[in-house]
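S.K.:
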Amino acid sequence: MFIKVPRVDACHESQVTPEDIYLRRRQILHGITTSAAMSFIPRSSWGDGQRYSDVPSAAPPAWLKEKLLQARWETMPAGESLTPYRDATHYNNFYEFGPDKGDPARNAAAMVTEPWVVTVEGEVGRPGKYSVEDLFSPSQLEERIYRLRCVEAWSMVIPWLGFSLADLIRRLEPTSAAKYVRFETLARPEQMPGMRAGFSLIDWPYVEGLRMDEAMHPLSLMAVGMYGRVLPNQNGAPLRLVVPWKYGFKSIKSIVRISFVRNQPSTTWQRMAPQEYGFYANVNPHVSHPRWSQARERRLPGSLFSPNIRATLPFNGYAEQVSSLYAGMDLSRDY
Amino acid sequence: MRQFWWRLLLFIAAASVPIYWLHLAANAALGPDPGKVLVDNLGQGALALLLCSLAMTPLQRLSGWAGWISFRRQLGLWAFSYAVLHVSAYLYFLLGLDFGGLGIELVERPYIAVGAVGLLGLLALAATSTRWSMRKLGKRWKKLHRIVYPVLLIVLLHMLWVVRADAGRWALYAAAAAILLLMRLPPVVNWLVVVRQKKGRKA
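Residue numbers (the working numbering), protein chains in the order written: chain A, 1431 to 1765; chain B, 277 to 479.
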């Protein structure tokens, strides 16, 4: 049987330029020559947050600045609208900085992200200690506009900037014994007030993991930026995972360790409440969290007058690309 | 009416807090998910008011000022009102007024069912809070209103179930509840009376 797996960056029918526009292309190009020429100038400053409105500028590290110049930008998917930058950066779960949604934005500035060392270890040909720059020196920076569905039944749409995780894994040369990838977040209590709180139930450091084929999937992204700029600390600077078809807690932030392992790693939320959070944690409207339904989500920002509730899609709307990874699995058991 | 001005002040304070929250929400000052914040605030507000209503008797015993007792009924009614607003906000913001879904939630989610039981308890207390009910029920009124203690425990259980990774705030409420319940044990009550009498003699 021939199974057609569309490439992630494949064009959809809806993206095809209408014929009349195509035929008038010279005229159109002529008309916009001057503005096009102008647009090359701000392009170099997009790294300072100019591509998106209401995004405060932040100076990227030198290596990233170069990559930003050649970044592949994505156009907004039809039918979606971006979550405002302010909301995406001031409504976060990052328990190392505190349990409230506003705590990460308040407290994360204290985290020192430079220098940053990522330890690569386990069943891998090129273990060692890497800087973020080392990890991605040959990679092309890409923008990916993804839906983010939190297990708490809210969701956002965020333009990430990052590199394909599959490319990184290939370069690190895992051995055939590597069946899973385990990730670990920075644990630095002196810079993370949430870790010093007496009543937290979390066992630090935060750990997440993916099966190797999930990690190798083209949708899996290692993000270093968002909204055309570097990641703010509360969103997981300087390096985080983004797996858009899984609940947000899988997309681990501020990564300091990548381990290639033989067995399914024990991950933080799964260990804490195995009946509530599974290892796979694929977005699934048919499998409820024990304490709330996952059938719907609140697309943020909501307001007093419109709670903005919509149906949650299987695999967060990425079923076409990823459902084959789970063929033959009972997803109500392996939730 | 005893303590009229104090009671009026209490009324204005308790009524203005939810209005202030609504004002913040309408001005996008509660963040991108104002509905969730309102549900949480109203729920915790109801619990805090319930604890306040239970603090009046010990305060009266401790201070000797009878005024405390005259706030008790109003505080209890406010706890009930906040709980009703909490449920309304839950239905509107979190369930999207999907009442079919409410049935499923009640069956599948024990903490929702537990919360509903707590609300029914508060309803029974609120409905029998009038002087007429007190007269009508006589001795049984006091018995009936002792269900405030199981209701308090049910409400704490309801909140504990919702707490995700940080139980700190819940522990504060639970500690306050434990102290208020301890102060009702007969030996503690006697001790409170003794403390007050000693103070009275010194003065």
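From the three backbone atoms N, C-alpha and C, an ideal C-beta is built for every residue, glycine too.
Treat the numbers as computed from the prediction; the structure is a model and nothing was measured.
(1) Can you look up A/H1716 in the DSSP assignment and give me helix, strand or coil?
(2) Measuring straight from C-alpha to C-alpha, what distance separates B/F375 and B/Y366?
(3) Kindly provide the ranges of any alpha helix (DSSP H) runs that are 4 or more residues long and lie completely inside the stretch 371–438 of chain B, ordered along the chain.
(4) Could you tell me the distance, in whole angstroms, from the CA atom of A/E1572 to the CA atom of A/Y1515?
(5) Thinking just about the alpha-carbon of each residue, which of A/E1644, A/H1647, A/W1699 and A/R1726 is nearest to the one in A/E1638?
(6) Can a CB atom of chain B be found closer than 8 Å to the CB of A/G1708?
(7) Do we get a CB-CB distance below 8 Å when we pair B/F369 with the residues of chain A?
(8) Using C-beta distances below 6 Å, list every residue in its chain close to A/K1559, excluding the 5 sequence neighbours before and after it, in chain order.
(9) Classify B/D309: buried if its beta carbon has 16 or more other beta carbons within 10 angstroms, exposed otherwise.
(10) What three-state label does DSSP hand A/G1479 in the structure shown?
(11) Is there a C-beta anywhere in chain A that falls below 8 Å from the one on B/Y366?
(12) By a C-beta neighbour count over all protein chains shown, 10 Å radius and 16 as the cutoff for buried, is A/Q1664 buried or exposed?
(13) Which of the residues in the stretch 1528–1552 of chain A, read from start to end, lie with their CB under 9 Å from any CB of chain B?
(14) Based on the DSSP output, what are the partners of A/L1734 in its beta bridges?
(15) Indicate whether A/P1715 and A/T1742 have their beta-carbon atoms separated by less than 8 Å.
(16) Can you list, in chain order, the residues of its chain whose CB lies under 7 Å from that of A/W1584, leaving out five sequence neighbours each side?
(17) Between the stretch 351–370 of chain B and the stretch 317–329 of chain B, can you find at least three pairs of beta-carbon atoms closer than 8 Å?
(18) Pick helix, strand or coil for B/V469, following the three-state DSSP scheme.
(19) 8 Å is my cut-off, CB to CB: does B/A302 come that close to chain A?
(20) Are the C-beta atoms of B/F437 and some chain A residue less than 8 Å apart?
(21) Taking just the CA atoms, how far does B/I388 sit from B/L382?
(22) Can you tell me whether A/P1668 is helix, strand or coil according to DSSP?
(23) For the alpha helix (DSSP H) that B/P315 lies in, which residues bound it at each end?
(24) With a threshold of 8 Å between beta carbons, is A/G1732 in contact with chain B?
(25) In chain order, what residues of the stretch 380–392 of chain B put their CB closer than 9 Å to some CB of chain A?
(26) Got a sec, what are the start and stop residues for the alpha helix (DSSP H) A/T1698 sits in?
(27) Does the ligand PLP have a heavy atom nearer than 7 Å to the CB of B/L395?
(28) A/Y1576 bridges to which residues according to DSSP?
(29) 8 Å is my cut-off, CB to CB: does A/S1585 come that close to chain B?
M.R.: Here's the rundown:
(1) coil
(2) 11 Å
(3) 375–384, 386–403, 407–413, 415–421 and 424–438
(4) 18 Å
(5) A/W1699
(6) no
(7) yes
(8) V1547 and T1549
(9) buried
(10) Note that A/G1479 has pLDDT 44, beneath the 50 cutoff, so the model's placement of it is unreliable and the number below is only indicative. A/G1479 falls in the coil class under three-state DSSP.
(11) no
(12) buried
(13) G1528, P1529, D1530, K1531 and G1532
(14) According to DSSP, which records beta bridges pairwise, A/L1734 is partnered with nothing at all.
(15) yes
(16) E1727, R1728 and L1730
(17) yes
(18) helix
(19) yes
(20) Residue identity differs from the one stated: residue 437 of chain B is Trp in this sequence, not Phe. Closer than 8 Å to some Cβ of chain A, the Cβ of B/W437 qualifies, so yes.
(21) 6 Å
(22) coil
(23) One point to set straight first is that residue 315 of chain B is Val, not Pro, in the sequence displayed. P310 to S339 is the extent of the alpha helix (DSSP H) around B/V315.
(24) yes
(25) I380, E381, E384, R385, P386, Y387 and I388
(26) T1698 to M1702
(27) With respect to small molecules bound, the structure shown includes none, and the ligand PLP cannot be examined in it.
(28) A/I1588
(29) no
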